[in-house]
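Undergrad: Below is one structure. I have some questions about it.
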Amino acid sequence: MTIKHIFKLCFILLIVSCNENSNITKIEGKRIDIDESLLENQEIEDFIKPYREQVNKNLDSIISFAPETYSKSDGELNTAIGNLMADAVYSESNTVFNKRTGENIDFVLLNHGGIRSIISKGNITSRTAYEVMPFDNSVVVVALKGKQVQELTQYLAAAKRAHPVSKQFQLTLTDDNAVKSATISDKKIETNKTYYVATNDYLYNGGDRMDFFHPNDSLYVLDYKIRNVLIDYFKKTDTLKPQIDNRFIKLNN
Amino acid sequence: MKRRQFIQQSTAATALVGVSGLGLQSFNTSKTKKITILHTNDVHSHIDPFGPEDARNANKGGVARRATLVESIRKENPNTLLLDAGDIFQGTPYFNYYGGELEFKLMSMLKYDLATIGNHDFDNGINGLYKQLPHANFDFVSANYDFSNTVMDTHVKPYKIFVKNGIKIGVFGLGVQLDGLVDKNMYKETVYNYPIEIAQDMSRILKEEQNCDLVICLSHIGYYYKNSPDRVCDLSLAKATKDIDLIIGGHTHTFLPKPTIEKNSIGKNVLVNQVGAYGLYLGKVDFYFESDKETKSEGATIII
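As they're listed, the protein sequences go chains G and B.
Just so you know, my numbering puts 466 at position 154 of the first sequence, and the rest follows in order with no gaps.
Just so you know, my numbering puts 1406 at position 156 of the second sequence, and the rest follows in order with no gaps.
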């Protein structure tokens, strides 16, 4: 018996043993809780530690200051925190948009529900931005005809919610929630003019039933997360001074 | 010359010993073999446990605790596979800061055997996923994503076969439709193919051609869509296929207290399981095998 023979024999044995299927006779399934009853694996814990410390150091380094606490419920049709977010999206994104297209953003529209947390009085860190905007939504700029911007104003009038708009946009409602006046940079909306409206990809894709973004002339995806907009804005702003103003109001008799 | 001959002989002898060992096990009809399948899904970068103030999941989860649990189960049964059904990325600042590096490194330390790709694993683009591959000491499977025209080409196989204690285990992967869910700029030229036909094909290859004793589908297509009952999901997949023993799911963050038993296209039982999200739970399914040819074909006893 040569070595070749031995190998051939091995091969045959392997084939035979593989060909004999095993049958499943019993199955047991359950789920196990991962909780405090389990000790932490020290090797894993030690491995995570430097990453955790680095993340916390970054998240907790102070980048701005809030003299007051700002909440999305402290205003009727516009709030200080919403105005801050919309204006921040305008200033940070317009730099990117202008560099890319040579055009300027006309105004910003975000959604009230997209403000996920208050900004607490005191120091502002990157963690604040993660709390206010935990989702990864990004800025998109949509080229909309004036007619659709008018639909947008109708939407805001009907929604009666403090959806954040940037300061270039002004909308006044009558006491029975009809549009009394709507301007962009102090000019009336022209039906056939193209406006560049910045929003987030969630709303662009139909979130909060904002159907007026389709159809459109064109879409510019800036690859700029709203959270990063906030972080960049905070870093540039020593003290936040957001205010409730007249950008979106309702007249009272 | 003499030395070389000695080496050859000893190699042959070792091979023979190895094979006869395997042969003995395979032919030993009375011995029951146990394969343990452990699984997670939609961990979403949840590396640390939830804090004590968390409204829903206070003090739950955590990779370091999962490591302890997996280690003790492996000690009890070395014939264990640890699988993940996708959406490893996105959900905590760890992902935003390190792009998934830490997630893959930790999964490698926990000795994950295999994972499939979820929609959020494209969140830093397909290039972002590709960039993290060197940190993963485990493979990825997806049978219905065609990566031919992307950087991921050749890095993702449709299926992988493991042999544990002589039991042949075939695992194939399935991913969710990306259009409408993920920005095209992110997934680029990745092609999604409808999962049902792919799964039928995969189970045939694994069962009939590769002679696997156990066929597992690692799926990120979602458990079930109440508001879109016609959308393809794990439950419809289970019913429309045969020869799959276990579907491990993800995507819908469905917290199943125990696996669901579904009937497949020829009336046999399939287990469908999913353990919610964020590493709050570990799924465990034990399969007991007997090589006795006389085992009745009416199916296994299922204890859940």
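In this text, a Cβ means the ideal position worked out from N, Cα and C, and glycines have one as well.
With a threshold of 7 Å between beta carbons, is Gly518 (chain G) in contact with chain B?
TA: Working through the first sequence from its first residue, we reach residue 518 (chain G) at position 206. So no, Gly518 (chain G) is outside the interface.
Undergrad: Pairs of beta-carbons, one from the region 372-389 of chain G and one from the region 507-519 of chain G, closer than 8 Å: are there three or more?
TA: no
Undergrad: Tell me which residues share the same chain as Leu563 (chain G) and place their Cβ nearer than 8 Å to its Cβ, disregarding the 5 neighbours each side in the sequence.
TA: Translated into the one-based positions of the first sequence, residue 563 (chain G) becomes position 251. Result list for Leu563 (chain G): Thr484, Leu485, Thr486, Asp487, Lys492, in chain order.
Undergrad: Who are the near neighbours of Tyr514 (chain G) in its chain, counting only those whose CB is closer than 6 Å to its CB and skipping five residues on each side?
TA: Indexing the first sequence from 1 puts residue 514 (chain G) at position 202. Result list for Tyr514 (chain G): Asn449, in chain order.
Undergrad: Please state whether DSSP places His475 (chain G) in a helix, a strand or coil.
TA: Mapped onto the first sequence, residue 475 (chain G) falls at position 163. Three-state result, His475 (chain G): coil.
Undergrad: Compare the C-beta of Ser566 (chain G) with all C-beta atoms of chain B and state if any pair is closer than 7 Å.
TA: Summary: the structure shown does not reach residue 566 (chain G), with chain G confined to residues 313 through 565, and so no result is reported for it.
Undergrad: Contact criterion: CB-CB distance below 7 Å. Does Asp1396 (chain B) meet it with respect to chain G?
TA: Within the second sequence, numbered from 1, the residue matching residue 1396 (chain B) stands at position 146. So, not an interface residue.
Undergrad: Within 7 Å of any Cβ in chain B, is that where the Cβ of Gly434 (chain G) sits?
TA: Residue mapping note: residue 434 (chain G) aligns to position 122 of the first sequence, counting from 1. Taking Cβ atoms only, chain B never reaches closer than 7 Å to Gly434 (chain G), which makes this a no.
Undergrad: Could you tell me which uninterrupted alpha helix (DSSP H) segments, each at least 4 residues in length, are contained entirely in the region 390-437 of chain G, listed from first to last along the chain?
TA: 392-413
Undergrad: Can you give the beta carbon distance from Asp1371 (chain B) to Asp1337 (chain B), rounded, assuming they're within the 8 Å contact cut?
TA: One-based indexing of the second sequence puts residue 1371 (chain B) at position 121. One-based indexing of the second sequence puts residue 1337 (chain B) at position 87. Contact holds; Cβ gap of about 6 Å.
Undergrad: Which bits of chain B does Asp347 (chain G) rub up against, with CB to CB less than 7 Å?
TA: Residue mapping note: residue 347 (chain G) aligns to position 35 of the first sequence, counting from 1. Here the neighbours are Asn1309, Lys1310.
Undergrad: Go ahead and label Glu1447 (chain B) buried or exposed: buried means 16 or more other beta carbons lie within 10 angstroms of its beta carbon, across all protein chains shown.
TA: What you label residue 1447 (chain B) is simply residue 197 of the second sequence in a count that begins at 1. Classification of Glu1447 (chain B): exposed, given that the 10 Å Cβ count is below 16.
Undergrad: Counting only runs that start and end within the region 1364-1421 of chain B, where is the beta strand (DSSP E) found for 3 or more residues in a row?
TA: 1389-1391, 1409-1414
Undergrad: DSSP beta-bridge partners for Leu1467 (chain B)?
TA: Counting from 1 along the second sequence, the entry for residue 1467 (chain B) is found at position 217. The residue you asked about is not Leu; residue 1467 (chain B) is Cys in the sequence shown. Note: Cys1467 (chain B) sits in a beta bridge opposite B:Phe1422, B:Ile1497.
Undergrad: What is the DSSP secondary structure of Val1482 (chain B), counted as helix, strand or coil?
TA: On the second sequence, position 232 is the one that residue 1482 (chain B) refers to. In the structure shown, the three-state DSSP call for Val1482 (chain B) is coil.
Undergrad: Run through chain B and tell me which residues come within less than 8 Å of Gly341 (chain G), C-beta to C-beta.
TA: Here residue 341 (chain G) refers to the residue found at position 29 of the first sequence. Near Gly341 (chain G) (Cβ distances below 8 Å), the residues of chain B are Lys1508, Pro1509, Leu1521, Asn1523, Gly1533, Lys1534, Val1535, Asp1536, Ile1552, Ile1553, Ile1554.
Undergrad: Would you tell me roughly how many angstroms separate the C-alpha atoms of Gly426 (chain G) and Ala398 (chain G), rounded to the nearest one?
TA: Here residue 426 (chain G) is taken as the residue at index 114 of the first sequence, counted from 1. Here residue 398 (chain G) is taken as the residue at index 86 of the first sequence, counted from 1. Roughly 11 Å between the two C-alpha positions.
Undergrad: List, in chain order, every chain B residue whose beta-carbon is nearer than 8 Å to that of Glu357 (chain G).
TA: As a working note, residue 357 (chain G) is residue 45 in the first sequence. Going along chain B in sequence order, the residues near Glu357 (chain G) (Cβ under 8 Å) are Ala1314.
Undergrad: Quick test of your reading: Ile1466 (chain B) and Ile1287 (chain B), contact by CB under 8 Å. State the CB separation rounded to the nearest angstrom.
TA: The sequence position of residue 1466 (chain B) within the second sequence is 216, counting from 1. The sequence position of residue 1287 (chain B) within the second sequence is 37, counting from 1. Yes, Ile1466 (chain B) and Ile1287 (chain B) are in contact; Cβ-Cβ is about 7 Å, under 8 Å.
Undergrad: What in chain G is Cβ-close to Ile1297 (chain B), meaning under 7 Å?
TA: Your numbering for residue 1297 (chain B) matches position 47 in the second sequence. The contacting residues are Ile360.
Undergrad: List, in chain order, every chain B residue whose beta-carbon is nearer than 7 Å to that of Ser334 (chain G).
TA: As a first step, residue 334 (chain G) must be located in the first sequence, where it is residue number 22. In chain order: Lys1283, Ile1417, Asp1463, Phe1539, Glu1540, Ser1541.
Undergrad: Please return the same chain residues whose Cβ sits closer than 7 Å to the Cβ of Arg539 (chain G), not counting the five positions on each side in sequence.
TA: One-based indexing of the first sequence puts residue 539 (chain G) at position 227. Within the same chain, Arg539 (chain G) has close Cβ partners Ala441, Tyr442, Met445.
Undergrad: Distance, Cα to Cα, Gly1273 (chain B) vs Ser1541 (chain B)?
TA: One-based indexing of the second sequence puts residue 1273 (chain B) at position 23. One-based indexing of the second sequence puts residue 1541 (chain B) at position 291. Note on Gly1273 (chain B): pLDDT 42, under 50, position unreliable in the model; the coordinate value appears next. Going by the C-alpha atoms only, they are around 12 Å apart.
Undergrad: Near Lys472 (chain G), what residues of its chain come up, given a Cβ to Cβ distance below 7 Å and the 5 sequence neighbours on each side ignored?
TA: Here the question's residue 472 (chain G) lines up with position 160 in the first sequence. For Lys472 (chain G), where only same-chain residues beyond five positions count, the Cβ hits under 7 Å are Asn489.
Undergrad: How would you label Arg1316 (chain B), buried or exposed, when you count the other beta carbons within 10 angstroms and need 16 or more for buried?
TA: To locate residue 1316 (chain B), count along the second sequence from 1; it is residue 66. Arg1316 (chain B) is buried by the Cβ-count criterion.
Undergrad: Could you please give me the residues that DSSP links to Tyr532 (chain G) through a beta bridge?
TA: As a first step, residue 532 (chain G) must be located in the first sequence, where it is residue number 220. According to DSSP, which records beta bridges pairwise, Tyr532 (chain G) is partnered with G:Val453.
Undergrad: Taking the continuous beta strand (DSSP E) assigned at Arg493 (chain G), which residues delimit it?
TA: As a first step, residue 493 (chain G) is located in the first sequence; it is residue number 181 there, counting from the start. For clarity, residue 493 (chain G) is Ser in the given sequence; the question names Arg instead. Unbroken beta strand (DSSP E) run through Ser493 (chain G): 491-496.
Undergrad: Given that a residue counts as buried once 16 or more other Cβ atoms are within 10 Å of its Cβ, and exposed if not, what is Arg428 (chain G)?
TA: For the purposes of this step, residue 428 (chain G) is taken as residue 116 along the first sequence, with counting starting at 1. It is exposed - the Cβ of Arg428 (chain G) has fewer than 16 other Cβ atoms within 10 Å.
Undergrad: Provide the residue span of the alpha helix (DSSP H) that contains Ser1515 (chain B), from first to last.
TA: Along the second sequence, read from residue 1 onward, the residue named residue 1515 (chain B) stands at position 265. Looking at the DSSP string, Ser1515 (chain B) is not in any alpha helix (DSSP H), and its letter there is neither H nor E.
Undergrad: Using C-beta distances below 8 Å, list every residue in its chain close to Gly434 (chain G), excluding the 5 sequence neighbours before and after it, in chain order.
TA: Counted from its first residue, the first sequence places residue 434 (chain G) at position 122. Same-chain partners within the cutoff: Phe377, Ala378.
Undergrad: Mind listing which residues of the region 442-473 of chain G have their C-beta closer than 8 Å to chain B's C-betas, in chain order?
TA: If the cut-off is 8 Å between Cβ atoms, the region 442-473 of chain G has Tyr442, Asp448 near chain B.
Undergrad: In the DSSP assignment, find the unbroken alpha helix (DSSP H) run with Val1313 (chain B) in it and report its ends.
TA: Taking the second sequence and counting its residues from 1, one reaches residue 1313 (chain B) at position 63. Per DSSP, Val1313 (chain B) belongs to the alpha helix (DSSP H) from 1313-1326.
Undergrad: Is the distance from the Cβ of Ile430 (chain G) to the Cβ of Val461 (chain G) below 7 Å?
TA: The count along the first sequence starts at 1 and reaches residue 430 (chain G) at position 118. The count along the first sequence starts at 1 and reaches residue 461 (chain G) at position 149. It is not a contact, given that the beta carbons lie outside the stated cut-off.
Undergrad: Any idea if Ile339 (chain G) is buried or exposed, counting beta-carbon neighbours within 10 angstroms, 16 or more meaning buried?
TA: Counted from its first residue, the first sequence places residue 339 (chain G) at position 27. Ile339 (chain G) should be labelled buried.
Undergrad: Measure how close the beta-carbons of Leu1331 (chain B) and Ala1365 (chain B) come, nearest whole angstrom, since I'm counting them as under 8 Å.
TA: Within the second sequence, numbered from 1, the residue matching residue 1331 (chain B) stands at position 81. Within the second sequence, numbered from 1, the residue matching residue 1365 (chain B) stands at position 115. With 8 Å as the limit, Leu1331 (chain B) and Ala1365 (chain B) do not qualify as a contact, their Cβ atoms being about 11 Å apart.
Undergrad: For a contact defined as C-beta to C-beta under 9 Å, what are the partners of Val367 (chain G) on chain B?
TA: The residue given as residue 367 (chain G) occupies position 55 in the first sequence. Contact annotation for Val367 (chain G) against chain B: Thr1342, Pro1343, Tyr1344, Asn1346, Tyr1347, Tyr1348 [CB-CB distance below 9 Å, chain order].
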